[in-house]
Every structure is written in C-alpha cells, then in structure tokens.
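A.B. asks: Every position in the sequence shown, counted from 1, becomes a number in the numbering used here once 170 is added. First, the structure itself, so that you have it in front of you.
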Amino acid sequence: MLLKLPQSIEQISNNSLYGNLQDNWSGAVTVLIVEDSILFIRRSESMPTHKGQIGFMGGHKHKGENSPIETAKREFEEESGLGAENLNVLGLLDPVITSRGKIIIPVIARGDFSKEHILSNATSNGEWDNLIFAPKKYLSSQNIWSKGQYIVEKQYSVYFAPLALNICHYLYPETNPYLLWGASAKMILNFFKYDVSCDKNLKN
171 MLLKLPQSIE QISNNSLYGN LQDNWSGAVT VLIVEDSILF IRRSESMPTH KGQIGFMGGH
231 KHKGENSPIE TAKREFEEES GLGAENLNVL GLLDPVITSR GKIIIPVIAR GDFSKEHILS
291 NATSNGEWDN LIFAPKKYLS SQNIWSKGQY IVEKQYSVYF APLALNICHY LYPETNPYLL
351 WGASAKMILN FFKYDVSCDK NLKN
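Written as structure tokens, this is what we have:
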C-alpha cells in the first residue's frame, strides 16, 4: 500500500532520526513531474561539489527561509530562469543525508508546462549543463536498478540506474547514458513509496 505524501516537515516519518529536523535541514531540491516524466539535471563540471553527477534543481537554504518549499522554489527559478508560479507543490519526501552530511528535503511538484517548453526555454545559471526527462514508468521498473555497497566507518547501500538514451529525453544528445546514483537515486526510490497522484497542492 502506498503511503500518504507528507505535507510538512512535522508529518515526515522517522522525524527524530534527524534530530530537530525543522532546524537541521540544510537544503531542498525540486523533484519535478512534467507530463509522464521526472526532470533531472547533470551538474556542471565547474561545480565545486558533485560535478558531473545527476540530480535535481535545488540547493542550500538561505537565511530566513523556514520551509523547504521556499528554498526549492527559489532555487528552481535561479537555476532554470522559469517562474516558480508554474510549480504545483504536492508534498515532501523523506530527507536524504548526502555524502557530506547535509540533510536535504525533496519537494515534489507538478509543472504547469510541457517538457518541450522546459527544454526550449530553461536557461542554466551555470550549475547544470544538461537536462534529462526520464519517464516515471521507466524509473519504477525494478529491472533497471543495481545495488552496491560502500564503507565509510560503516556500510551503506548505494543504488544505480542508467538513464537509457532510447527512453529518456536528453536536451543535449549523448553517446553514453548518464548514471543515476547516490542521494538522487535514493530520492527516486523513496518517491515510489508514496501516492503522489492523490495529494492536494500545497499553497506555500
């Protein structure tokens, strides 16, 4: 049975795992649903962290931002050049702790525009060098996922999935598929635990 998508930090399950989550979250990303797909970015090679990796538009919260939704909307506008008024926020996903120990809260949103509109009109602020739309149906297939382990003081599971060239839509064509892994892959796996379709839009 699918879980109900949390509508606030207080509704996130296992909240206590992160200490005082309201104070301890570091940033937010937008997991954007457009038509039948989810939008990913490839981070620019010039970025100081996570360069060349597949992720989402987002970043660290600014002073005075009390909600991950505020942070996610601001970052979306800064990174895409598109208006956040076109985002219909549906709720939050479980926080993910990055390899640098930062607590990131994914914000689920539907876009009031087409994939073609984003691919034609989004402009990078330098943080990404490619956009990829991956169909939800493809990402939900267990057959595409692999699992590995890494050890840093203790053992962690890592999940991997290729963004297949013949299924996913790349803004700039590539000869080899990008690999979704790490924190972003964990967010996608968490996404499919929730009933996204039935949730009402949040207003703030």
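Built from N, CA and C at the ideal position, the CB exists for glycine as well. Keep in mind the model is a prediction, meaning the values are calculated, not measured.
Can you give me the start and stop residues for the beta strand (DSSP E) that Ile273 sits inside?
C.D. replies: Taken as a continuous stretch (DSSP letters only), the beta strand (DSSP E) holding Ile273 covers Ile273 to Gly281.
A.B. asks: Once you ignore the five residues that flank Ala355 on each side, which residues in its own chain have a CB closer than 7 Å to its CB?
C.D. replies: Tyr329, Phe330 and Ala331
A.B. asks: To the nearest angstrom, how far is it from the Cα of Glu255 to the Cα of Tyr188?
C.D. replies: Computed Cα separation, rounded: 30 Å.
A.B. asks: Per DSSP, what are the beta-bridge partners of Asn300 in this structure?
C.D. replies: Arg212
A.B. asks: Using a 10 Å radius around the Cβ and a threshold of 16 neighbouring Cβ atoms, would you call Glu270 buried or exposed?
C.D. replies: A quick correction: the sequence has Arg, not Glu, at residue 270. Answer is exposed; the Cβ neighbour count stays below 16.
A.B. asks: Under a three-way DSSP split, which group does Ala431 fall into?
C.D. replies: The requested residue 431 does not occur in the structure, where the chain is confined to residues 171 to 374.
A.B. asks: Based on Cα-Cα distance, which residue from Pro265, Leu301 and Asn313 lies nearest to Phe210?
C.D. replies: For Phe210, the nearest C-alpha among the options comes from Leu301.
A.B. asks: Classify Phe226: buried if its beta carbon has 16 or more other beta carbons within 10 angstroms, exposed otherwise.
C.D. replies: buried
A.B. asks: Can you give me the Cβ contacts of Ala198 inside the same chain, cut-off strictly under 6 Å, excluding the 5 residues immediately before and after it?
C.D. replies: Gly228, Pro238, Thr241, Ala242, Ile275 and Val277
A.B. asks: On a CA-only basis, which of Leu335, Tyr326 and Gly352 is nearest Thr345? Give me that one, please.
C.D. replies: Leu335
A.B. asks: Grouping DSSP H, G and I as helix and E and B as strand, with all else coil, what is Asn258?
C.D. replies: DSSP places Asn258 within a strand segment (E or B) once states are collapsed to three.
A.B. asks: Should Lys231 go down as buried or exposed, given a rule of 16 or more other Cβ atoms within 10 Å for buried?
C.D. replies: buried
A.B. asks: Taking the alpha carbon of Ser214 as the reference point, which residue from Ile208, Ile273 and Ile224 has its own alpha carbon closest?
C.D. replies: Comparing Cα-Cα distances from Ser214 to each of Ile208, Ile273 and Ile224, the minimum goes to Ile224.
A.B. asks: Do Lys306 and Glu205 have their C-beta atoms closer together than 7 Å?
C.D. replies: no
A.B. asks: Return the CA-CA distance between Met357 and His339, expressed in angstroms with no decimal places.
C.D. replies: 20 Å
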